[in-house]
Amino acid sequence: MVGNRRFFFFSAQHDEIDKVTDIYFVKTLRILEDLGLEDTLVKAEVFAGADGVFCGLVEVLNLLEDSECKIYSLEEGERFSKKEVVLRIEGRYSEFGLYETAILGVLASSSGWATAAHKCKEAAGDKPVVCFGSRHVHPSVAPVMERAARVGGADGVSCVLAAEILGVKPLGTVPHAAMLIAGSTERIATTYDKIMPEDEPRIIPVDTFKDEAQESLDIARILGKRLDGVRLDTPKERGGVTPDLVREVRKRLDLEGFSHVKIFVSGGLNPEKIRVLGEAGADAFGVGWYISATPPIEMTMDIKEVDGKPVAKRGRIPGITENKRLKRVK
Numbered sequence: 001m002v003g004n005r006r007f008f009f010f011s012a013q014h015d016e017i018d019k020v021t022d023i024y025f026v027k028t029l030r031i032l033e034d035l036g037l038e039d040t041l042v043k044a045e046v047f048a049g050a051d052g053v054f055c056g057l058v059e060v061l062n063l064l065e066d067s068e069c070k071i072y073s074l075e076e077g078e079r080f081s082k083k084e085v086v087l088r089i090e091g092r093y094s095e096f097g098l099y100e101t102a103i104l105g106v107l108a109s110s111s112g113w114a115t116a117a118h119k120c121k122e123a124a125g126d127k128p129v130v131c132f133g134s135r136h137v138h139p140s141v142a143p144v145m146e147r148a149a150r151v152g153g154a155d156g157v158s159c160v161l162a163a164e165i166l167g168v169k170p171l172g173t174v175p176h177a178a179m180l181i182a183g184s185t186e187r188i189a190t191t192y193d194k195i196m197p198e199d200e201p202r203i204i205p206v207d208t209f210k211d212e213a214q215e216s217l218d219i220a221r222i223l224g225k226r227l228d229g230v231r232l233d234t235p236k237e238r239g240g241v242t243p244d245l246v247r248e249v250r251k252r253l254d255l256e257g258f259s260h261v262k263i264f265v266s267g268g269l270n271p272e273k274i275r276v277l278g279e280a281g282a283d284a285f286g287v288g289w290y291i292s293a294t295p296p297i298e299m300t301m302d303i304k305e306v307d308g309k310p311v312a313k314r315g316r317i318p319g320i321t322e323n324k325r326l327k328r329v330k
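In this text, residue positions in the sequence shown follow full-length UniProt numbering: the first is 1, and each later residue adds one.
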């Protein structure tokens, strides 16, 4: 308990974002107010500390929607290079200065996640990549992360709320918990097929009780043409999913006439593993930790103009940095 409020989750509510700021911005605004300078017209730029894929703009626009600031930006999903200016804000300092921490945090985290997803999609080529990263982050930011992954190129997301925000259908199979509780992969597969809507892909995990190739065949024999795919998620304790395992499952399915059954792979994937497993015959990939645990891309905001006069801190060049890729977005 803090005061009369109970914090179930230690995350900011929508009306508390102004408190998600470094205290020195609060002090700065108080000082400027005392000097009568809080409404000084400034131009501020945000530049990136590494190459990446831009994401987070929508939340920044939402944050500043009631201001009169002009905003110029890259589009979400665009690639940027290290030191490139990705966003510029022009307006009264009082209208956005307090939000610098939130703005940078939004762009840093979202661009980091989008960049990681982009690398996975590049490795996968035309084969689908689904983000499974929600279990690795705090639930308050899971939808943010999965939305960023979609902006970066992921074909789908598993988090229900993220899918609602994006206006898409959440994607996923069933966890090993289902098979362990039922005591049978076959039992879960038949029930899944019976109760799920016709447009729901029949993709069944095949590494809970038996050899993956054998369990794949067992399920394929039961569901036949109705089986869309099998999911390989072999734990690292047993060597994880390897190219040889993918090749064996593919070959054994093909030999028994189940060439229509796709192989969906998950568990500890990164771009290099995606590339290798794809070459071995994997058809789709579920990526969690690599996307969700990727570091934020450092974002820095500098004031570069005050009342029409070029300025800059030592080490930086005074005046706005020309970037023809920036477009007026507000």
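Backbone N, C-alpha and C define an ideal beta-carbon position, used for all residues, glycine too. Nothing here was measured: the structure is a model prediction, and the numbers come from that model.
Asked	Found
Given Ala12, which residues of its chain have a CB within under 6 Å of its CB, disregarding the five upstream and five downstream residues?	Val20
If you reduce the DSSP assignment to three classes, tell me which class Ser11 lands in.	coil
Restricting to Cα atoms, I'd like to know which of Glu95, Glu78 and Pro296 is closest to Glu33.	Glu95
In this structure, how does DSSP classify Thr321 when only helix, strand and coil are distinguished?	coil
Excluding the five sequence neighbours on either side, which residues of its own chain have a C-beta within less than 8 Å of the C-beta of Phe285, listed in chain order?	Cys120, Ala124, Lys127, Pro128, Val129, Val130, Phe264, Val265, Ser266, Leu269, Ile274, Leu277 and Gly278
Tell me whether Glu45 sits in a helix, a strand or coil according to DSSP, three-state version.	strand
How many Å lie between Pro201 and Phe209 at the Cα?	22 Å
Taking just the CA atoms, how far does Leu87 sit from Ala220?	52 Å
Along the chain, where does the alpha helix (DSSP H) containing Arg252 start, and where does it finish?	Pro243 to Leu255
From the DSSP output, read off the bridge partner residues of Tyr24.	Answer by DSSP bridge pairing: none, since Tyr24 is not bridged.
Using a Cβ-Cβ cutoff of less than 6 Å, which residues in the same chain neighbour Glu78 once the five nearest sequence positions on both sides are dropped?	Phe54
Just to confirm my understanding: we take Ala114, look at its own chain, exclude 5 residues before and 5 after, and list those with CB closer than 6 Å. What are they?	Val53, Cys55, Ala148, Val151 and Gly152
Tell me whether Tyr24 is buried or exposed, calling it buried when 16 or more other Cβ atoms sit within 10 Å of its Cβ.	exposed
Lys70 and Lys236 look like a contact to me (Cβ under 8 Å); what is the Cβ gap, rounded to whole Å?	Actually they do not touch by this definition, with Cβ atoms about 51 Å apart.
According to DSSP, is Val329 part of a helix, a strand, or is it coil?	coil
Name the DSSP bridge partner or partners of Ile303?	Ala44
Leaving aside the five residues before and after Gly319 along the sequence, list all residues of the same chain whose C-beta is less than 7 Å from its C-beta, in chain order.	Lys304, Glu305 and Pro310
Taking only three categories from DSSP, how would you classify Val86?	strand
Note down the Cα distance separating Val206 from Leu107, rounded to an integer number of angstroms.	39 Å
Would Ile204 pass as a contact of Tyr192 if the rule is Cβ separation under 8 Å?	yes
Could you check which residue in Leu63, Cys159 and Glu90 has the C-alpha nearest to that of Gly105?	Leu63
Quick one: measure Cβ to Cβ for Gly212 and Thr234, integer angstroms, because I've assumed they're closer than 8 Å.	Note that residue 212 is Glu in the sequence shown, not Gly. Their Cβ separation, rounded to whole angstroms, is 6 Å, which keeps Glu212 and Thr234 in contact under 8 Å.
With DSSP run on the structure shown, which of helix, strand or coil describes residue 331?	Past the edges of the chain, shown from 1 to 330, lies residue 331, and the structure says nothing about it.
Please confirm whether Lys82 and Asp51 have their CB atoms less than 8 Å apart.	yes
DSSP three-state label for Phe209, please.	coil
Suppose contacts are defined by Cβ-Cβ distances below 8 Å. Is Met299 in contact with Val42 by that definition?	no
Identify which residue in Thr101, Asp218 and Asp302 has its Cα closest to the Cα of Glu90.	Asp302
What distance in whole Å lies between the Cβ atoms of Lys169 and Ala163, which are believed to be in contact at a cut-off of 8 Å?	6 Å
Look at Val85 and Thr321 and say whether their C-beta atoms are less than 8 Å apart.	yes
Between the C-alpha atoms of Tyr290 and Ala116, what's the straight-line distance to the nearest angstrom?	7 Å
Does Arg187 pass the burial test, meaning 16 or more other C-beta atoms within 10 Å, or should it be called exposed?	exposed
Exposed or buried, what is Gly109 when buried is set at 16 or more other beta-carbons lying within 10 Å of its beta-carbon?	Going by the sequence as given, residue 109 is Ser instead of Gly. Ser109 should be labelled buried.
Among Ile103, Met196, Thr190 and Ala312, whose alpha-carbon lies nearest the alpha-carbon of Asp218?	Thr190
With the cut-off set at 8 Å, would you say Gly112 and Thr294 are in Cβ contact?	yes
At what residues does the alpha helix (DSSP H) containing Ala284 begin and finish?	Premise fails: Ala284 lies in the beta strand (DSSP E), Ala284 to Val287, not in any alpha helix (DSSP H).
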